[in-house]
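Peer 1: Residue numbers (this note's numbering): 166 to 322.
Ideal Cβ positions, reconstructed from N, Cα and C, are used throughout, including at glycine.
1) Can you give me the C-alpha to C-alpha distance between residue 320 and residue 300, rounded to a whole angstrom?
2) Looking at C-beta atoms only, is the number of pairs between the region 207-218 and the region 226-240 that lie closer than 8 Å three or more?
3) Enumerate, from N- to C-terminal direction, the unbroken beta strand (DSSP E) stretches of 3 or more residues contained entirely within the region 196-250.
4) Would you decide whether residue 265 is buried or exposed? Buried here means 16 or more other CB atoms lie within 10 Å of its CB.
5) Considering only DSSP beta bridges, list what residue 278 is partnered with.
6) Can you look up residue 174 in the DSSP assignment and give me helix, strand or coil?
7) I want to know whether the region 287-300 touches the region 187-199 - three or more CB-CB distances under 8 Å.
8) Kindly give me the distance between the Cβ atoms of residue 199 and residue 234, rounded to whole angstroms, as I take these residues to be in contact under 8 Å.
9) What are the boundary residues of the beta strand (DSSP E) that includes residue 182?
10) Going by C-alpha to C-alpha distance, which of 172, 255 and 273 sits closest to residue 224?
So, in structure tokens, the structure goes:
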């Protein structure tokens, strides 16, 4: 399968790509040593579970879901940042590793936003959860230079 421009862009934010791990590979290595699996399409639960043996975190392409209002993110004064993802990728219900949902990204400018999932539950094809929003430049700096992203309260979706 050919990689999309989005997939290549996110991989290049790491310090190394295509990290071999036995008969598998991780898409990229972050400066801090974490291995990232970058996913632009749904996976079956068995595939998610199998890939978790060689990855430390997930970066999921949710731009289309966010643009079509299937992924909604809002701030609640009592609970913080909440999200609802309709027609979510159900295979990720078994994921144990941290997940980052790319909500927006303009590859030409580098602008965009990511939701760092801090907790989620799946109810059929809907995921509900909590998280923190980070800008794309903050994500890139974390992946490339190990500068931890700061929670961006000004980013709204």
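Peer 2: Checking against the coordinates, here is how it stands:
1) Bear in mind that a pLDDT of 45 at residue 320, under 50, signals an unreliable position, so the number given afterwards is only what the model happens to contain. Those two C-alpha atoms are separated by around 8 Å.
2) no
3) 200-204, 222-226 and 236-241
4) buried
5) 269 and 300
6) helix
7) no
8) Not confirmed; about 31 Å, so no contact.
9) 181-186
10) 172
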